[in-house]
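Worksheet: the structure to be examined is printed underneath.
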Amino acid sequence: MMIFPAQIGILASGQAGDLACAFVAHLLSDEGQRVLLDPAIGRVPISRTIHEADPAMYRGNPRGDAPALARL
C-alpha cells in the first residue's frame, strides 16, 4: 500500500488570508476529513473522530503515535 501525504499551508503574502484560514478549518473539520475518504482523492484523514467512526477502513492507526497530532 502506498500513502501519499498531503500538505497544506497559508502563504504569508497571500491576498485572501481569511479565506485561506476558513478553507484550512474546513479541511480539518469532520466534514472536510470525510472528503479525504473518497478513493478518487486518496488521502488519509488525520481526524481521530473519523478514524474511530469506521476503524475497518484502516489497517493500523493512520495517525501513528505522533504526540504532535494528539490534540487533533
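Those letters in the sequence shown? Residues 1327 to 1398, per this note's numbering, in order.
For each residue, glycine too, the CB sits at the ideal point set by N, CA and C.
On a predicted model such as this, the values are computed, not experimentally measured, just so you know.
1. In the structure shown, what three-state DSSP assignment does Ala-1348 receive?
2. Between Pro-1371 and the rest of its own chain, which residues show a CB-CB distance below 6 Å, the 5 nearest in sequence each way excluded?
3. What three-state label does DSSP hand Ala-1366 in the structure shown?
4. Compare the beta carbon distance of Cys-1347 and Ile-1336 with 8 Å and say whether it is the shorter of the two.
Taking the coordinates as given:
1. Mapped onto the sequence shown, residue 1348 falls at position 22. Ala-1348 falls in the helix class under three-state DSSP.
2. Translated into the one-based positions of the sequence shown, residue 1371 becomes position 45. These residues qualify, in order along the chain: Gln-1359, Leu-1362.
3. Position 40 of the sequence shown holds residue 1366. Reduced to three states, the DSSP call for Ala-1366 is coil.
4. Here residue 1347 refers to the residue found at position 21 when the sequence shown is read from its first residue. Here residue 1336 refers to the residue found at position 10 when the sequence shown is read from its first residue. Yes. Within cutoff.
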